[in-house]
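Enquirer: Quick one: structure below, then a few questions.
Structure representation (structure tokens):
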């Protein structure tokens with residue numbers, strides 16, 4: 001591979017400034033896995049249809065298998081491995097509701113749930129189902145996922161209310 005087939009990019013990853021030398025054909029999943037040993041965004045369908053590769057780029061969820069790593073240059077990337085020591089309310093709700101079995105899809109669902117609650121703090125069941133249509137769970141834990149989203153949204157609302 002010639003030097004012209006690589007480039008160095010700089011961006012903020014989970015709140016920290018980083019840089020990486022990438023191959024020009026790398027996707028965000030390639031960048032996260034090869035450049036930073038982060039495996040929460042997972043390659044599955046390779047077509048942006050399942051949500052397993054979800055990452056948040058510049059404040060919006062994207063399919064990491066379809067987005068070129070070069071697009072991260074100068075931006076921000078948030079992954080499930082956000083460096084926090086404690087579980088956040090969404091992660092706690094997923095555990096309490098049993099909203100996973102194998103866990104392969106869980107990071108994508110959690111990132112999408114965080115975004116949903118940020119966009120709509122009081123989602124109806126229809127809102128939840130519509131917002132998460134791009135995420136697939138092969139184990140079929142959809143009722144538990146919907147319950148986890150409801151629990152997380154309620155906790156988010158309660159945390160925002162003045163005491």
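Numbering (UniProt numbering), first residue to last: 1 to 163. Backbone N, C-alpha and C fix where the C-beta goes; we use that ideal spot for every residue, glycine too. Small disclaimer: the values here were computed from a predicted structure and weren't measured.
Along the chain, which unbroken stretches of the alpha helix (DSSP H) at least 4 residues long are found entirely within the segment 60-98?
Expert: 89-97, all fully within the segment 60-98.
Enquirer: Does the count of Cβ pairs from the segment 84-101 and the segment 46-56 closer than 8 Å reach three?
Expert: Contact fails: fewer than three Cβ-Cβ distances are below 8 Å.
Enquirer: Which residue comes first and which comes last in the alpha helix (DSSP H) that contains residue 17?
Expert: The residue you call residue 17 lines up with position 17 of the chain shown. Counting along the chain, residue 17 falls outside any alpha helix (DSSP H), though it belongs to the beta strand (DSSP E) covering 16-23.
Enquirer: When the distance is taken between beta carbons, is residue 101 closer than 7 Å to residue 141?
Expert: One-based indexing of the chain shown puts residue 141 at position 141. One-based indexing of the chain shown puts residue 101 at position 101. Against a cut-off of 7 Å, the Cβ pair of residue 101 and residue 141 comes out as a contact.
Enquirer: Using 7 Å as the threshold, is the C-beta distance between residue 22 and residue 31 below it?
Expert: As a position in the chain shown, residue 22 is number 22, starting the count at 1. As a position in the chain shown, residue 31 is number 31, starting the count at 1. Yes, they are a contact pair.
Enquirer: Considering only DSSP beta bridges, list what residue 57 is partnered with.
Expert: Sequence index remark: in the chain shown, residue 57 carries index 57 (1-based). Paired residue(s): 60 and 77.
Enquirer: In chain order, what residues of the same chain have a beta carbon less than 6 Å from the beta carbon of residue 26, not counting five sequence neighbours either side?
Expert: Taking the first residue of the chain shown as 1, we reach residue 26 at position 26. Correct list, in chain order: 69.
Enquirer: Quick check on residue 6: does DSSP put it in helix, strand or coil?
Expert: Position 6 of the chain shown holds residue 6. Residue 6 falls in the strand class under three-state DSSP.
Enquirer: Since residue 78 and residue 62 should fall inside the 8 Å C-beta cutoff, what is the C-beta to C-beta distance between them, to a whole number of angstroms?
Expert: For the purposes of this step, residue 78 is identified with residue 78 of the chain shown, where counting begins at 1. For the purposes of this step, residue 62 is identified with residue 62 of the chain shown, where counting begins at 1. In fact, because the Cβ distance is near 11 Å, the residues do not count as touching under 8 Å.
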